[in-house]
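Novice:
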Amino acid sequence: MKCNTSFHGWKEAFIQAFLAMGWAYKWVKTRPDTPRHTLDYHTEERFEREKLLKFWIQSFLAGVPYIVIGYRDDAGRLVRTERLRTKDITHRVKMKNYWQGGVCLAFADEVLCWLYGTVKEDEDYILQFAAPFTRLELLQAQSCPQEITDHVQQL
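At position 45 of the sequence shown (counting the first as 1) the number is 45 in UniProt numbering, and the numbers step up by one without a gap.
Quick look at the structure:
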């Protein structure tokens, strides 16, 4: 499989390796590489609590069965990769009680239903977590950035 798109630096090497393996329908994510023997508990916990949640929800909703995580050194060079099955991520974090996929999906469903019943067509809004990040706020905006308006019109 050949890639005609131009990438720079580590991205080029990573994408070429990714395409050479013939993998299809997979997300490609990167993060700094930390050797296992120097990886502290808080770094790994943050990765599993926050990053894996983002990776999982994007992949699950899009029906992507695998995620490839590229680990890079301080210079940004790809040093290793890890391939995860999307459905295995929830098992990995469930044992540590970090988050549960079903709870995340139920929350997303509630938010989307609330938005569907609240927002009015042709009005601009800002959705934000209000400090101390225990509730969502929906604010009416004066206008929407032109880039977003243009993108929505192209859909």
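Positions of the beta carbon are idealized from the N, C-alpha and C atoms, including for glycine.
(1) In terms of residue numbering, what span does the beta strand (DSSP E) encompassing residue 137 cover?
(2) So if DSSP puts residue 164 in a beta bridge, which residue, or which two residues, is it bridged to?
(3) Grab me the residues of residue 57's own chain with a C-beta within less than 7 Å of its C-beta, minus the 5 sequence neighbours each way, in chain order.
(4) For the candidate residues 127, 47 and 78, whose alpha-carbon lies nearest to that of residue 141?
(5) Pull up the distance between the alpha-carbon of residue 154 and that of residue 96, whole angstroms please.
(6) Thinking C-alpha only, which one of 118, 124 and 101 is nearest residue 61?
(7) On the CB-based measure, 16 or more other CB atoms within 10 Å of its CB, does residue 42 come out buried or exposed?
(8) Residue 122 and residue 144 look like a contact to me (Cβ under 8 Å); what is the Cβ gap, rounded to whole Å?
(9) Where are the beta strand (DSSP E) runs, 3 residues long or more, that stay fully inside the region 49 to 103, in chain order?
(10) Using a 10 Å radius around the Cβ and a threshold of 16 neighbouring Cβ atoms, would you call residue 137 buried or exposed?
(11) Classify residue 106 as helix, strand or coil using the three-state DSSP reduction.
(12) For a test of your reading of the model: does the CB of residue 74 fall under 6 Å from any non-hydrogen atom of the ligand MN? Yes or no.
(13) What does the Cβ neighbour count give for residue 89, buried or exposed, with the cut at 16 atoms within 10 Å?
(14) Assuming residue 165 and residue 59 make a contact with CB atoms under 8 Å, what is their CB distance in whole Å?
Specialist: Put simply:
(1) The continuous beta strand (DSSP E) containing residue 137 extends over residues 135 to 140.
(2) Outside the displayed span of the chain (1 to 155) sits residue 164, for which this structure offers no information.
(3) Only 104 meet the Cβ criterion.
(4) Closest in alpha carbon position to residue 141, among 127, 47 and 78, is 127.
(5) Our two residues, residue 154 and residue 96, have alpha carbons roughly 43 Å apart in a direct line.
(6) Of the candidates 118, 124 and 101, the one whose C-alpha sits nearest the C-alpha of residue 61 is 101.
(7) So residue 42 counts as exposed.
(8) Contact annotation, residue 122 with residue 144: C-beta distance approximately 10 Å; criterion of less than 8 Å not satisfied.
(9) With a minimum length of 3 residues, the continuous beta strand (DSSP E) runs that stay inside the region 49 to 103 are 66 to 72 and 78 to 85.
(10) It counts as exposed.
(11) In this structure, residue 106 counts as helix in the three-state DSSP scheme.
(12) Although the ligand MN was asked about, the structure shown includes no ligands whatsoever.
(13) Counting the other CB atoms within 10 Å of its CB gives residue 89 a total of 16 or more, which places it among the buried residues.
(14) This structure leaves residue 165 out entirely; the chain is present only between 1 and 155.
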